[in-house]
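Read the structure below first, then the notes.
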């Protein structure tokens, strides 16, 4: 709900692919990071570093999703 309006009119934007990839990489990175921290495994460092790298990579997908959803009116484009 945004400013009292129902969220029925909300949409993910034009680049749904980047949104889905960003959400999946956030989920996978967070799961790997938390398993590496809290599980008693011999290869915990691999999981922690891999999870952190995937989370950092997900920031690129979020930036791409945001950038490709910017809409500029034609009047503002000096064509």
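Numbering (the working numbering), first residue to last: 9 to 87.
By construction, the Cβ of each residue, glycine as well, lies at the ideal position given by its N, Cα and C atoms.
- DSSP, read as helix, strand or coil, puts residue 78 in coil.
- Residues 59, 63 of the same chain have their beta carbon placed closer than 8 Å to that of residue 38, with the five preceding and five following residues left out of the count.
- Cβ neighbours of residue 65 within its own chain (closer than 7 Å, five residues either side excluded): 33.
- Between the alpha carbons of residue 79 and residue 67 lies a distance of about 21 Å.
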